[in-house]
Amino acid sequence: MTQSLQQGLSHSGLSATRAGLRRLWRRYPLSLIGGFVLISLTVLSVLAPWLAPFDPFEMNVVDRLREPGEEYFFGTDAYGRDLFSRTLYGGRISLLIGLSVAGLSTLIGLLIGILAGYSRSADAVLMRIMDGLMAIPGILLAIALMSLARPGIGVVVVAITIPEIPRVVRLVRAVVLSVREQVYIQAAIATGTRLPRLMLKHILPNTLAPLIVQATYIAASAVLIESYLSFLGVGTPPEVPSWGNIIAEGRLYVQIAPWNIVCPSVFLALMVLSINMLGDGLRDMLDPRLQTRVR
Amino acid sequence: MLAYVIKRILSTLPVLGVVAIVVFLLLRLSPGDPAAIIAGDNASANDILQIREQLGLDRPYLEQFFGWIGQLITGDFGYSIYLKRPVLQLIGERVEPTLALSLSTMAFAIVLAVPLGVLAAWRAGTWIDQTIMAFAVMAFSVPVFLIGYGLVIQFSLTLNWLPVQGFVSIHKSVGDFIRHLVLPTMTLGLVYTALLARITRATMLEILNEDYIRTARAKGLTESRVLVLHALKNASVPIITTIGTGLALLIGGVVVTESVFAIPGIGRLTIEAVLQRDYPVIQGVILVIASVYVVVNLLIDLSYSLFDPRIRF
Amino acid sequence: MTDNPLLSVDGLTVAFSSPDGPPVAAVQELSFSLNAGETLCIVGESGCGKSLTALSLMRLLPRPHGMIGAGRIMLEGRDIATASEADMRMLRGRAISMIFQEPMTSLNPVLTIGSQISEMVKVHEGLDETACRQRALDMLKLVRIPEPERRMDDYPHQLSGGMRQRVMIAMALVCDPKILLADEPTTALDVTIEAQILELIQDLKQRTGTAVILITHDFGVVAEMADRVLVMYAGRQIEQGTALELFDAPTHPYTQALMAAMPRFNAEGAQTRLKEIAGIVPALHERGQGCCFAPRCEKATRHCFDSMPPLRLMAGEHSVACWHAGSPQERHP
Numbered sequence: 001m002t003q004s005l006q007q008g009l010s011h012s013g014l015s016a017t018r019a020g021l022r023r024l025w026r027r028y029p030l031s032l033i034g035g036f037v038l039i040s041l042t043v044l045s046v047l048a049p050w051l052a053p054f055d056p057f058e059m060n061v062v063d064r065l066r067e068p069g070e071e072y073f074f075g076t077d078a079y080g081r082d083l084f085s086r087t088l089y090g091g092r093i094s095l096l097i098g099l100s101v102a103g104l105s106t107l108i109g110l111l112i113g114i115l116a117g118y119s120r121s122a123d124a125v126l127m128r129i130m131d132g133l134m135a136i137p138g139i140l141l142a143i144a145l146m147s148l149a150r151p152g153i154g155v156v157v158v159a160i161t162i163p164e165i166p167r168v169v170r171l172v173r174a175v176v177l178s179v180r181e182q183v184y185i186q187a188a189i190a191t192g193t194r195l196p197r198l199m200l201k202h203i204l205p206n207t208l209a210p211l212i213v214q215a216t217y218i219a220a221s222a223v224l225i226e227s228y229l230s231f232l233g234v235g236t237p238p239e240v241p242s243w244g245n246i247i248a249e250g251r252l253y254v255q256i257a258p259w260n261i262v263c264p265s266v267f268l269a270l271m272v273l274s275i276n277m278l279g280d281g282l283r284d285m286l287d288p289r290l291q292t293r294v295r
Numbered sequence: 296m297l298a299y300v301i302k303r304i305l306s307t308l309p310v311l312g313v314v315a316i317v318v319f320l321l322l323r324l325s326p327g328d329p330a331a332i333i334a335g336d337n338a339s340a341n342d343i344l345q346i347r348e349q350l351g352l353d354r355p356y357l358e359q360f361f362g363w364i365g366q367l368i369t370g371d372f373g374y375s376i377y378l379k380r381p382v383l384q385l386i387g388e389r390v391e392p393t394l395a396l397s398l399s400t401m402a403f404a405i406v407l408a409v410p411l412g413v414l415a416a417w418r419a420g421t422w423i424d425q426t427i428m429a430f431a432v433m434a435f436s437v438p439v440f441l442i443g444y445g446l447v448i449q450f451s452l453t454l455n456w457l458p459v460q461g462f463v464s465i466h467k468s469v470g471d472f473i474r475h476l477v478l479p480t481m482t483l484g485l486v487y488t489a490l491l492a493r494i495t496r497a498t499m500l501e502i503l504n505e506d507y508i509r510t511a512r513a514k515g516l517t518e519s520r521v522l523v524l525h526a527l528k529n530a531s532v533p534i535i536t537t538i539g540t541g542l543a544l545l546i547g548g549v550v551v552t553e554s555v556f557a558i559p560g561i562g563r564l565t566i567e568a569v570l571q572r573d574y575p576v577i578q579g580v581i582l583v584i585a586s587v588y589v590v591v592n593l594l595i596d597l598s599y600s601l602f603d604p605r606i607r608f
Numbered sequence: 609m610t611d612n613p614l615l616s617v618d619g620l621t622v623a624f625s626s627p628d629g630p631p632v633a634a635v636q637e638l639s640f641s642l643n644a645g646e647t648l649c650i651v652g653e654s655g656c657g658k659s660l661t662a663l664s665l666m667r668l669l670p671r672p673h674g675m676i677g678a679g680r681i682m683l684e685g686r687d688i689a690t691a692s693e694a695d696m697r698m699l700r701g702r703a704i705s706m707i708f709q710e711p712m713t714s715l716n717p718v719l720t721i722g723s724q725i726s727e728m729v730k731v732h733e734g735l736d737e738t739a740c741r742q743r744a745l746d747m748l749k750l751v752r753i754p755e756p757e758r759r760m761d762d763y764p765h766q767l768s769g770g771m772r773q774r775v776m777i778a779m780a781l782v783c784d785p786k787i788l789l790a791d792e793p794t795t796a797l798d799v800t801i802e803a804q805i806l807e808l809i810q811d812l813k814q815r816t817g818t819a820v821i822l823i824t825h826d827f828g829v830v831a832e833m834a835d836r837v838l839v840m841y842a843g844r845q846i847e848q849g850t851a852l853e854l855f856d857a858p859t860h861p862y863t864q865a866l867m868a869a870m871p872r873f874n875a876e877g878a879q880t881r882l883k884e885i886a887g888i889v890p891a892l893h894e895r896g897q898g899c900c901f902a903p904r905c906e907k908a909t910r911h912c913f914d915s916m917p918p919l920r921l922m923a924g925e926h927s928v929a930c931w932h933a934g935s936p937q938e939r940h941p
């Protein structure tokens, strides 16, 4: 697969790229759809200030709880705010949180994982801590962490990141341990290759593929958990139009104005689904064992 | 065997210790004065002082920690600041709905996920497999509240078959108990089903390539016998392991589902406690739930030898 | 030789579907027959299609890509190639049984030895629990497993490789099949164990009258076991005949090379002759239009590369597919 991807990228001709894409499409249709949906959602969110027909914060009592229609694509909420505009803006929050949590937890997890995989004494302590963290359900820990500080997007990011770290650590540690056993690494250690060089040359490249896949899943789960926290009233500050907040406000009117919940939820579901589909595709592409089975 | 069991039980102590430290630090590491946070925005200096003394926050950390651990061991999880009642008692009152929802979800998911996973692996690569796996990614991605409200709108508001929300104790009315559990179970069950179906499929795919499956087919057994007796039994260890580790995901989902269906369980208790900054309750809930998680996974670990004779202690 | 053989295979072709193109044939136009109580050895290097031939007799080709492309496999008047899956289930284990190369992984690790054997009796003969168990126990005694009562409740991992292969044989023979297919049953075992297992198969064959198809790459095994021999190369049969005919006059250069590689028959020449079949069996897509063995054959001429030699009857039942086999009358010394 990587081969065909490289072929697709290395040929400069458009037809070659198209052939590569066609091969990708035949083998990983779902991840291509996922990637396409995700890019569309990203573009919509990033361009929200230009695309949104209304100010997402502007209240309009006359037009409260309007049904979706020509003027308001997704209808309006209880304050008469345009749900389509709010949903577009909400995408920005979700993307921001997804990316930050994925980046932060992979980075911290990578450092701790390498340390644990490399030093036997640190390993015992670090892994006990990770086991302990994993025994606390992620959402519960995030909720508890949210209670510590005044709500803000930064706090949300930290609260979601901490429960995700142990999974990354376990993954990285497992790779480091197995790589360490390889003869060429043993040889490198024996010939006195220094640790930072060893990391950069041998260990990082091996962890990269599974780490990218894991980061994708973390981003998906972070987007979902942010919405849960906001939905439960302990997430992003209520004035921020995140998807979770829009849904939390809309739940009061679920019987008379279900679009308040459905529209942002569908966007949320699409984003999480597209990231997960992309992750599944990446996993299949990067897993050499699976590749032989497909062929 | 006994030596292994004891060793395995002892190995849970460091995990629980870490949980205790995390829970302990939760309050102490918060920016600002924990007593002031607990007391709330419009508390007097006297209130704050009182809370600080009551929680022993004026003593050194280590002393506080071991004092607290000592209390925990004797079963004293402290008092709710807001309700002025023992934390364990509060949790006890909320256990039934949460336990009922968790168990019914688990049963629902296992009954649905294992056959789906087996079927997907058996027909790997076909449209059946692709449909099941597409369903699994979807159930894993769609937010719990969308499924929940979707079911409510369909089955409660439109068809009027089931109650919109709430919970009825099994002691009051078994029928109402079940009726109130149906929609929450389906809501949460889909997520858990997706998780289990994926792992079942992955494990079965590997096992169906094993030599002994070819042997079983060469014996002239029916496909169902090959799949269930010969393959699934070998797949059971990874599957029950996932049921155990998936418990964390399940409990997280329970918190949200309880909120969607206004079920007065431990999830609601936690949210109420967070909104009221009732730290002893938050701490108590986390400790209890993490202990349940650790104990369940310990039991699962110990049960491996029942499923695979090669695992001997 | 009777007029109606127990099993007759006619023009069997095994193909694999491929994602980008037409199906690829892994076994082509294979024809042979087997009489009741006979032992047929199918010989060849790995990758020449022996195992696929065996699996197609069981209709257990790897799914979903493997399939029987053409040909008939007649067993007692029924065509296995086109039989329904339900009919196949009745045949497998009862009419044809199979034992595999890897005794270490061919038994189910989570079921007891006893239950794996008695399952056969239960499924095929519908006897009750005690009767099934008794049959399994008798069978374990027959394959000379020490302490059979105790072994009944053991799991495969508690047995050695040789013992596991005995269990496989017990399982395969418990329902008195007409044919036992043994796919390299001793390759994974020690030499001393190998001799015991072969002796056991020989002994059981005499007792039960089961016909045996033994797949091997070792002419030493062939010499010991075979009534008839079929030599395969790159998915085709290249020489066939009774064991006597073949050992008397090995005709195809490949057969000669294989025999030479057997130290017992040609102790001195073994080393030099071994070198002559350097190279490997060509992969499926590398097979050209000529004789597949030509690239490795010292006698190969232009003609060999250009066209495929047909299988020609030399004498008696002895047939060879080689342009250099000479006329049927000529016999090699």
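Chains as they are written, first to last, in my numbering: chain A, 1 to 295; chain B, 296 to 608; chain C, 609 to 941.
Idealized CB from N, CA, C, for every residue including glycine.
Asked: Taking only beta-carbon atoms, is Pro717 of chain C less than 8 Å away from chain B?; Found: yes
Asked: Tell me Gln845 of chain C's beta-bridge partners as DSSP assigns them.; Found: C:Met840
Asked: Just verifying my parser: in three-state terms, what is the DSSP assignment at Phe640 of chain C?; Found: strand
Asked: Could you tell me which whole beta strand (DSSP E) segments of length 3 or greater appear in the stretch 85-111 of chain A?; Found: none
Asked: How about Leu919 of chain C and Ala929 of chain C: do their beta carbons lie closer than 8 Å?; Found: yes
Asked: Pick helix, strand or coil for Phe827 of chain C, following the three-state DSSP scheme.; Found: helix
Asked: Along the beta strand (DSSP E) that carries Leu648 of chain C, what are the first and last residues, could you check?; Found: 647-651
Asked: Where does the unbroken alpha helix (DSSP H) through His732 of chain C begin, and where does it stop?; Found: 721-733
Asked: If you run the structure through DSSP and keep just helix, strand and coil, what is Gly132 of chain A?; Found: helix
Asked: Can you give me, in chain order, the residues of the stretch 217-245 of chain A that have a beta carbon less than 9 Å from any beta carbon in chain B?; Found: Ala220, Leu224, Ile225, Ser227, Tyr228, Phe231, Leu232, Gly233, Val234, Trp243, Gly244
Asked: Expressed to the nearest angstrom, what Euclidean distance is found between the alpha-carbon atoms of Pro438 of chain B and Ser265 of chain A?; Found: 7 Å
Asked: If you measure from the beta carbon of Val591 of chain B to each beta carbon in chain A, is any gap under 8 Å?; Found: no
Asked: Taking 7 Å as the limit between beta carbons, can you name the residues of its chain near Leu224 of chain A, skipping five residues before and five after?; Found: Val272
Asked: At a Cβ threshold of 8 Å, is Glu501 of chain B touching chain C?; Found: no
Asked: Mapping DSSP to helix, strand and coil, what is Ala694 of chain C?; Found: helix
Asked: Please confirm if Ala416 of chain B has its CB atom under 8 Å from at least one CB of chain A.; Found: no
Asked: Return yes when the Cβ of Val549 of chain B is within less than 8 Å of the Cβ of Ser399 of chain B, no when it is not.; Found: no
Asked: What's the gap between the Cα of Arg283 of chain A and the Cα of Ile212 of chain A?; Found: 9 Å
Asked: To which residues of the same chain is Lys730 of chain C closer than 7 Å at the C-beta, ignoring the five residues directly before and after it?; Found: Cys740
Asked: With H, G and I counted as helix, E and B as strand and the rest as coil, what does DSSP make of Leu350 of chain B?; Found: coil
Asked: How about Gly312 of chain B: is its C-beta nearer than 8 Å to some C-beta of chain C?; Found: no
Asked: Measure from the C-beta of Phe873 of chain C to each C-beta in chain B and report whether the shortest distance is under 8 Å.; Found: For Phe873 of chain C, the predicted structure reports a pLDDT of 47, less than 50, and the residue's modelled location is therefore unreliable. The matter cannot be settled from this model.
Asked: Over what stretch of residues does the alpha helix (DSSP H) that includes Ser31 of chain A continue unbroken?; Found: 29-46
Asked: Identify which residue in C:Cys900, C:Ile721, C:Ile821, C:Met698 has its Cα closest to the Cα of Gly734 of chain C.; Found: C:Met698
Asked: Can you look up Phe57 of chain A in the DSSP assignment and give me helix, strand or coil?; Found: coil
Asked: Can you give the beta carbon distance from Val651 of chain C to Leu866 of chain C, rounded, assuming they're within the 8 Å contact cut?; Found: 7 Å
Asked: When the Cα atoms are used, what is the spatial distance from Tyr253 of chain A to Gly75 of chain A?; Found: 13 Å
Asked: Is it right to say Asp856 of chain C is buried, meaning 16 or more other beta carbons lie within 10 angstroms of its own, or is it exposed?; Found: exposed
Asked: Rounded to whole angstroms, what is the Cα-Cα separation between Arg251 of chain A and Lys302 of chain B?; Found: 49 Å
Asked: Can you tell which of B:Leu394, B:Phe472, B:Leu485, B:Gly515 has its C-alpha closest to the C-alpha of Gly461 of chain B?; Found: B:Phe472
Asked: Pull up the distance between the alpha-carbon of Leu745 of chain C and that of Ile704 of chain C, whole angstroms please.; Found: 21 Å
Asked: Using the DSSP secondary-structure output, state which residues sit across from Ala623 of chain C in a beta bridge.; Found: C:Ala633, C:Met675
Asked: Restricting to runs no shorter than 3 residues, where is the beta strand (DSSP E) found entirely within the stretch 780-819 of chain C?; Found: 787-791
Asked: Taking 8 Å as the CB-CB limit, is Gly539 of chain B close to chain A?; Found: no
Asked: What whole-angstrom Cβ distance do Ala188 of chain A and Leu198 of chain A have, given they're in contact under 8 Å?; Found: 6 Å
Asked: Output yes or no for whether 8 Å exceeds the beta carbon distance between Arg836 of chain C and Leu648 of chain C.; Found: yes
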